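J.: My questions all concern the structure below.
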Amino acid sequence: MKIFVPGRICLFGEHSDWAGGYRRINADVEKGCALIVGTNQGLYAQVKQHPDKLIITASLEDGTRSGPFEIPMEREALLKEATQGGFLSYAAGVAYQILTHYRVRGLEIDNYRTDLPVQKGLSSSAAICVLVARAFNRIYDLKMTVRGEMEYAYAGEITTPSRCGRLDQGCAYGNRPVMMTFDGDRLDVEEIKVSQTLHYVIVDLKAFKDTKEILSKLNKCYPFADNEQQRKVQEYLGPINADIVSRAAKAVCSGDAETLGKLMREAQAKFDEHLQPVCPSQLTSPILHKLLAYGPIQPYILGGKGVGSQGDGTAQLLVKDSAAQDAVIEIIERDLNMSCMKLNIDSLNRLRKAVIPSAGFGSRLYPATKTLKKEMFPIIDTDGRAKPVIMAIIEQLIAGGIEEVCIVIQEGDREMFEEFFHRQLSVEHANKLSVEDRHYMKYLMDLGNKVSFVVQDSQDGFGHAVYCAKEWVNDEPFMLVLGDHLFSSNTETSCIQQLIDLYERTGRSVVGLQETPAEDLKRYGCVTGIWEDDGSILSITEFAEKPTPEYAREQLTTQHVKEGNFLTIFGQYILTPRIFELLGDNISRNMRCENGEYQLTPCLDRLRSEEGFIGCRVDGCRYDIGHPEAYRKTVSNYS
337 MKIFVPGRIC LFGEHSDWAG GYRRINADVE KGCALIVGTN QGLYAQVKQH PDKLIITASL
397 EDGTRSGPFE IPMEREALLK EATQGGFLSY AAGVAYQILT HYRVRGLEID NYRTDLPVQK
457 GLSSSAAICV LVARAFNRIY DLKMTVRGEM EYAYAGEITT PSRCGRLDQG CAYGNRPVMM
517 TFDGDRLDVE EIKVSQTLHY VIVDLKAFKD TKEILSKLNK CYPFADNEQQ RKVQEYLGPI
577 NADIVSRAAK AVCSGDAETL GKLMREAQAK FDEHLQPVCP SQLTSPILHK LLAYGPIQPY
637 ILGGKGVGSQ GDGTAQLLVK DSAAQDAVIE IIERDLNMSC MKLNIDSLNR LRKAVIPSAG
697 FGSRLYPATK TLKKEMFPII DTDGRAKPVI MAIIEQLIAG GIEEVCIVIQ EGDREMFEEF
757 FHRQLSVEHA NKLSVEDRHY MKYLMDLGNK VSFVVQDSQD GFGHAVYCAK EWVNDEPFML
817 VLGDHLFSSN TETSCIQQLI DLYERTGRSV VGLQETPAED LKRYGCVTGI WEDDGSILSI
877 TEFAEKPTPE YAREQLTTQH VKEGNFLTIF GQYILTPRIF ELLGDNISRN MRCENGEYQL
937 TPCLDRLRSE EGFIGCRVDG CRYDIGHPEA YRKTVSNYS
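The opening position of the sequence shown corresponds to residue 337 in this note's numbering, with each subsequent residue numbered one higher.
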């Protein structure tokens, strides 16, 4: 299994993590607050199980390889190595913490590539710790959330002589900005939506700073301020910083790069005013300020500030666009002999496409399905019109912002779908329509222009049907919707939009969920997980395909779900294109389920273990038409 973990850069809020920790002693200290993001550079590794050892081979930024280093997978040996310090101590510290709390064996990690600079305020040590925690989690399916990986990485790093801050392990969240709040021992994490790509240049100032001295001097201002100078430090790291971070998060969400640049300048100016007098030898930062004021780069940058503990270590510059990024790097490297790297905070790939598998026979609705596909069964929609089920589904998708829809069909059914979506009525029939219906006929043709068809040559299961859409989806995130379900929301936000909103918040695959009694589990996939973000997000820890009630009661009980009920799949998913690689792997290895088909659920579970998977408890209703009694209820209750 391959894993990538980036470094992290603190955009705003440096030092506020440890400062907020002093609330354990002095409740008058303000909460800490920081906005961080993963870098585009990081650690690349191939990981696999080992029976009884932790084996690490490392790569440095210059391509130099070291190792393999071996440690017995025993608590005493791991703890001894962790306390010695150095590169291997970080991996040993995390392995020690994992082994203390989980039954695991060994791990072999080949860090075959590293392009993350070390000791430049980019949390390279934290990236190592997250890499090891994530490797154990995925190889042994420990069902940790991203937050769980972060916590074990932190516990592992503080097992070593290193005394990192809590925000360092935020690199676990990847290249998506997160706002972290530090309240004593409590840590809250909120993922920030990026609406427009932001371009940064990270500059190695090629100078020296003494981080230990900076931290020593600043920590003397806590937990209680003894003089005005110390009070000003607490003021900046508390309310002033919280205000700047809050405004910065809003600027990121709205794509307002200009405001973000102004906030960087404001943050640096106030940092200098409030903190520089406490440690002038390190925080006067003449090299940093020379760069920030350097004339030739001013036309290209929107703002800039220090990184990490500040001082003359590393700087971050927000630039206007990618061309400005290249220009700034050329100027700095040529004129100032400082090395640079790019950091792009990308906006989320917009969700444009949806797939509806409709190639199944519909045996439970035989003999009606001998003449008509179940997806074409009529219903009365909320607008009062009689229409096929699949048309109502497509209308909901388009209303949710989807631009293109792919229906997976059998070749023998193409004529029927083409006739409905892509062909006009004959003149004879069109003349019988009212004026209103003739206008509606044009609407139907416009809708059909957004619909494509992909053929599933053999009926090899739901997973195989989804895989058939791989080329059409073309490496984009996409929505997957069952063709034999209708959906209605209990709120003004449609069921589809509820999923999209969560996807845009987290950037991870999302599945809609609904509580279902145990006796109905035979018809649905089921999940369980851990609630995050005050119960609005379920971090899924297991997918199960149509489990028995006994298995569900033993393995799938979820907190805050009514006793006797379980969370089942609602029939709507948002998936990353990685799902196609997992499906393709199953198909190439002929990994069929008991019924001889390629199912989607095992691949969803693999996707969960690799990337994380979010459950959205949909505030709405699903209407199944897949069997006679369900169809009867749908016709009666829908609309």
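Where is the CB? At the ideal position from N, CA and C, for every residue including glycine. These numbers were taken from a predicted model, which means no experiment stands behind them.
Taking just the CA atoms, how far does Asp662 sit from Val643?
T.: Near 20 angstroms, if we compare the C-alpha coordinates of Asp662 and Val643.
J.: Can you tell me which of Glu828, Cys804, Gln792 and Asp671 puts its alpha carbon nearest to the alpha carbon of Gly736?
T.: Nearest of Glu828, Cys804, Gln792 and Asp671 to Gly736, Cα basis: Glu828.
J.: Rank Gly484, Arg499 and Leu379 by C-alpha distance to the C-alpha of Asp446 and give the top, closest one.
T.: Checked all of Gly484, Arg499 and Leu379; the closest Cα to Asp446 is Leu379.
J.: For a quick check, are the C-beta atoms of Lys389 and Met337 less than 8 angstroms apart?
T.: Against a cut-off of 8 angstroms, the Cβ pair of Met337 and Lys389 comes out as no contact.
J.: Considering just the uninterrupted stretch of the beta strand (DSSP E) at Val741, what are its terminal residues?
T.: Unbroken beta strand (DSSP E) run through Val741: Glu740 to Ile745.
J.: Note the first and the last residue of the continuous beta strand (DSSP E) segment covering Lys678.
T.: From DSSP, the beta strand (DSSP E) with Lys678 extends over Ser675 to Ile681.
J.: Among Leu534, Ser461, Tyr509 and Glu755, whose alpha-carbon lies nearest the alpha-carbon of Ala491?
T.: Answer by Cα proximity: Ser461.
J.: Going by beta carbon distance, what residues of the same chain come within less than 6 angstroms of Asp648, once the five residues before and after it are set aside?
T.: The answer, listed in chain order, is Leu541, Ala543, Lys545, Ser621, Ile623 and Leu624.
J.: What residue ranges within the region 685-745 form continuous alpha helix (DSSP H) runs of no fewer than 4 residues, ordered along the chain?
T.: Correct list: 725-735.
J.: Taking 8 angstroms as the threshold (C-beta atoms), are Val537 and Val365 in contact?
T.: Not a contact, by the Cβ cut-off of 8 angstroms.
J.: Could you tell me which whole alpha helix (DSSP H) segments of length 4 or greater appear in the region 571-655?
T.: Runs found: 577-590, 593-611, 616-619 and 622-628.
J.: Is Tyr380 helix, strand or coil by DSSP?
T.: Tyr380: strand per DSSP, three-state reduction.
J.: From Met712 to His535, what distance separates their C-alpha atoms?
T.: Their backbone Cα atoms lie some 48 angstroms apart in a straight line.
J.: Please report the distance separating the alpha-carbon of Gly956 from that of Phe916.
T.: Approximately 29 angstroms, taken between the alpha carbons.
J.: Which term fits Val741, buried or exposed, when burial requires 16 or more other beta carbons within 10 angstroms of its beta carbon?
T.: By the neighbour-count rule (16 or more Cβ atoms within 10 Å), Val741 is buried.
J.: Could you check which residue in Trp808, Glu417 and Asn931 has the C-alpha nearest to that of Asp796?
T.: It is Asn931.
J.: Considering only C-alpha positions, which residue in the set Leu780, Arg686, Lys723 and Asp749 is nearest to His758?
T.: Taking only the C-alpha atoms, the option nearest His758 is Leu780.
J.: Just how far apart, CA to CA, sit His610 and Tyr572?
T.: His610 and Tyr572: Cα-Cα distance of roughly 6 angstroms.
J.: Please name the residue in Arg686, Glu731, Lys678 and Met752 whose C-alpha comes closest to that of Thr707.
T.: When only C-alpha atoms are compared, the closest one is Met752.
J.: Terminal residues of the continuous beta strand (DSSP E) containing Phe348?
T.: Note, Phe348: beta strand (DSSP E), Lys338 to Phe348.
J.: DSSP three-state label for Pro964, please.
T.: Residue state, collapsed to three classes: helix.
J.: Rounded to the nearest angstrom, what separates Glu851 and Arg914 at their Cα positions?
T.: Rounded to whole angstroms, Glu851 to Arg914 spans 28 angstroms at the Cα level.
J.: Closer than 7 angstroms by C-beta to Leu619: which residues in its own chain qualify, once you throw out the five before and the five after it? Chain order, please.
T.: Cβ within range, chain order: Ile550, Leu611, Gln612, Gln646 and Gly647.
J.: Please work out which residues of its chain come closer than 7 angstroms, Cβ to Cβ, to Ser975, disregarding the five sequence neighbours upstream and downstream, and give them in chain order.
T.: If we look at Ser975 and ignore the five residues flanking it on each side, its Cβ neighbours are Ile716, Asp717 and Thr718.
J.: Taking DSSP as the reference, what is the three-state secondary structure of Arg670?
T.: Here Arg670 sits in helix by DSSP.
J.: Where does the unbroken beta strand (DSSP E) through Ile873 begin, and where does it stop?
T.: Unbroken beta strand (DSSP E) run through Ile873: Ile873 to Glu881.
J.: Shortest alpha-carbon distance to Leu733 belongs to which of Ser582, Ile637, Tyr909 and Gln895?
T.: Selected option, being the one with the closest Cα: Tyr909.
J.: What's the gap between the Cα of Asp657 and the Cα of Leu672?
T.: Going from the Cα of Asp657 to the Cα of Leu672 covers about 22 angstroms.
J.: Check whether the region 478-493 and the region 680-689 touch, using three or more Cβ-Cβ pairs below 8 angstroms as the test.
T.: Result no; under three Cβ-Cβ pairs closer than 8 angstroms.
J.: Can you check the region 763-822 for any beta strand (DSSP E) of at least 3 residues that lies completely inside it and give the ranges in chain order?
T.: Listed in chain order, they are 787-791 and 814-817.
J.: Below 8 angstroms on the Cβ atoms is my guess for Gly368 versus Asp353; work out the distance and round it to an integer in Å.
T.: At roughly 5 angstroms, the Cβ-Cβ gap stays under 8 angstroms, so Gly368 and Asp353 are in contact.
J.: In the DSSP assignment, what residue or residues form a beta bridge with Thr495?
T.: Answer by DSSP bridge pairing: none, since Thr495 is not bridged.
J.: Work out the CA separation of Asn362 and Lys553 for me, nearest whole Å.
T.: So the alpha carbons of these two residues sit roughly 19 angstroms apart.
J.: Since I believe Leu638 is in contact with Leu654 (beta carbons under 8 angstroms), could you give me their beta-carbon distance rounded to a whole number of angstroms?
T.: Indeed they touch by this definition, with Cβ atoms about 5 angstroms apart.
J.: Whether or not the region 434-450 and the region 468-478 are in contact is what I'm after, with contact meaning three or more pairs of Cβ atoms, one per stretch, closer than 8 angstroms; do they touch?
T.: Yes, they touch.
J.: Mapping the DSSP letters down to three states, classify Ala463 as helix, strand or coil.
T.: Looking at Ala463 - three-state DSSP - the assignment turns out to be helix.
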